[in-house]
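Here the structure is laid out as structure tokens; the discussion comes afterwards.
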Amino acid sequence: MGTRHSHAAIGDLEQRLETWVRHGLITPEQASNILAVEHGADLEGVRPTAPETEPWGPRRPASTTGVSLAGAGLPPTSLVAEALGYVGGILIVIAAGAITGQYFDDLGRPGRLALTGSAALALLCAGYLVHVNPARPAAGRLRSVLWVLTVAATAFFISLLADETFGWNGEEVAFVAASGAAAVGLELWRRHRWMLQQLAVVVTLAVALGSGVAAYLGGDVALSGMAIWGLGGSWLMLGWAGHVQPRHGTDLLGGAAATVGSQLTMNYDWGAALALATAAALVAIGVRLRALVLLAVGSVATLLVVPGVMQRYFPDTLAAPLAVLGAGVVLVFAALATATKWRRHNPPKRERAPLSGLGWMPIVGFAVGVACGVVLLSLT
20 MGTRHSHAAI
30 GDLEQRLETW
40 VRHGLITPEQ
50 ASNILAVEHG
60 ADLEGVRPTA
70 PETEPWGPRR
80 PASTTGVSLA
90 GAGLPPTSLV
100 AEALGYVGGI
110 LIVIAAGAIT
120 GQYFDDLGRP
130 GRLALTGSAA
140 LALLCAGYLV
150 HVNPARPAAG
160 RLRSVLWVLT
170 VAATAFFISL
180 LADETFGWNG
190 EEVAFVAASG
200 AAAVGLELWR
210 RHRWMLQQLA
220 VVVTLAVALG
230 SGVAAYLGGD
240 VALSGMAIWG
250 LGGSWLMLGW
260 AGHVQPRHGT
270 DLLGGAAATV
280 GSQLTMNYDW
290 GAALALATAA
300 ALVAIGVRLR
310 ALVLLAVGSV
320 ATLLVVPGVM
330 QRYFPDTLAA
340 PLAVLGAGVV
350 LVFAALATAT
360 KWRRHNPPKR
370 ERAPLSGLGW
380 MPIVGFAVGV
390 ACGVVLLSLT
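For the sequence shown, the numbering used here assigns the number 20 to the initial residue and increments by one for each residue that follows.
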């Protein structure tokens with residue numbers, strides 16, 4: 020393409036390319052090549068690339084084109100600037116915490132609130148001012164980290180406000196702080212669909228559910244665990260239905276939440292059964308969907324659950340460990356056979372939604388059912 024476009028047209032093209040990358044229509048490298056052509060670079064011999072995904076957000080694969088974006092007039096990716104941004108954001112949080120801790124009484128309530136609120140606002144603005152486009156994946160990573168720190172600083176600010184202004188107890192403070200941070204995290208995730216933003220949302224929602232149940236439905240940790248387990252199951256279903264992307268992110272975070280939640284219920288017989296069923300389901304569904312992330316989470320869940328169950332129900336018998344050993348050997352051979360089969364079939368790299376026809380109502384129904392179960396258990 021020999022025609023040179025104006026700066027306004029190039030800016031509009033960058034915005035459209037960013038949207039296409041975010042929706043998975045093209046890869047970041049393809050977007051960079053398009054921009055390079057628009058700037059007059061010669062891309063003869065460029066090898067087409069298949070769409071790929073990255074667990075921590077869009078990425079640009081190692082280029083085999085030999086095209087220098089800096090030479091094409093595009094802003095080069097600066098690892099130094101990215102690292103300085105990371106360090107600067109972390110230093111804001113550390114400084115706010117150090118000043119608050121050292122001069123906690125001297126600052127007074129308004130000073131403490133102003134300091135932590137200013138830190139959260141500074142991180143938010145810093146992330147917003149980072150210009151993100153497909154040709155600069157480092158900028159996307161920098162914004163992602165800054166906005167995760169924003170969520171953490173917001174939780175700190177709200178916890179101080181709830182504790183010092185309203186005099187709430189620890190569980191109520193945790194519930195309010197996590198809920199407020201989750202609301203901020205959801206909005207930031209809507210604006211910046213990266214894995215770290217999804218992580219911040221799931222963690223804050225899990226803390227809000229666990230602490231809220233403990234504060235208002237009794238202090239039994241098993242009830243909090245069941246609520247977190249329900250969050251994990253709902254998140255997995257959202258990923259399988261294609262409502263939340265990427266699916267490997269929902270598999271990791273939803274599976275982890277379900278595992279942690281089921282672990283917290285193991286003081287009861289029904290909780291031990293729930294933990295075993297959760298671990299088995301994660302492994303089985305991972306095999307069925309060919310989801311390596313889900314298989315890994317299920318394997319970790321099995322490692323955490325089985326020893327505790329054996330120690331509790333079969334403390335002095337040899338038969339149970341031998342049975343577990345035999346099952347483990349069978350699973351190893353099954354894994355080898357499955358891996359061989361997967362290599363033969365050469366599955367596609369792009370993730371598919373296995374339950375694409377699943378609407379919102381079944382997911383909401385599952386969440387409501389778990390909530391009702393938590394309430395009923397709290398009354399018994």
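Glycine is no exception: its CB is placed at the ideal position from the N, C-alpha and C atoms.
Beta-carbon within less than 6 angstroms of residue i's beta-carbon, same chain only, minus the 5 sequence neighbours each way: which residues are those?
i	result
G237	S397
Report the CB separation of residue i from residue j in whole angstroms; it is logged as a contact under 8 angstroms.
i	j	result
L142	T184	Not confirmed; about 22 angstroms, so no contact.
A315	A298	Not confirmed; about 12 angstroms, so no contact.
I382	A260	7 angstroms
S243	L218	Incorrect: roughly 20 angstroms between the Cβ atoms, too far for contact.
V302	S281	Not quite, the Cβ-Cβ distance comes to about 14 angstroms (not below 8 angstroms), so this is no contact.
V226	A193	6 angstroms
V393	V232	6 angstroms
S137	E190	Rounded, the Cβ-Cβ distance is 27 angstroms, inconsistent with contact.
T135	A172	7 angstroms
L295	P373	That pair is no contact at about 24 angstroms.
V389	G249	3 angstroms
In angstroms, rounded to a whole number, what distance separates the CA positions of residue i and residue j?
i	j	result
V287	I247	Val is not the amino acid found at residue 287; the sequence shown has Tyr there. Taking the straight line from one Cα to the other gives about 16 angstroms.
L179	P265	34 angstroms
G251	A55	43 angstroms
Y235	F175	22 angstroms
W379	L272	19 angstroms
L148	R162	9 angstroms
L344	S375	38 angstroms
G274	W289	19 angstroms
V351	G305	15 angstroms
E48	L311	25 angstroms
R160	A292	40 angstroms
Skipping 5 residues on each side, what residues in its chain have a beta carbon closer than 7 angstroms to that of residue i?
i	result
T269	W254, L255, L257, G258 and V263
A145	G108 and L165
Using 10 angstroms around the beta-carbon of residue i, count the other beta-carbons present and answer buried if the total reaches 16, otherwise exposed.
i	result
T223	buried
W213	buried
N188	exposed
H150	exposed
P326	exposed
A139	buried
T336	exposed
V221	buried
P334	exposed
Can you list, in chain order, the residues of its chain whose CB lies under 8 angstroms from that of residue i, leaving out five sequence neighbours each side?
i	result
V167	L215, Q216, L218 and A219
W208	Q216, Q217, A219 and V220
A181	W187, E191, V192, V195 and A196
G199	T173, A174 and I177
Where are the alpha helix (DSSP H) runs, 4 residues long or more, that stay fully inside the region 211-293, in chain order? 214-235, 240-259 and 266-283
Curious, which full-length alpha helix (DSSP H) runs of at least 4 residues does the region 106-169 contain? 123-148
Going along the chain, which unbroken runs of the beta strand (DSSP E) with 3 or more residues stay wholly within the region 296-336? none
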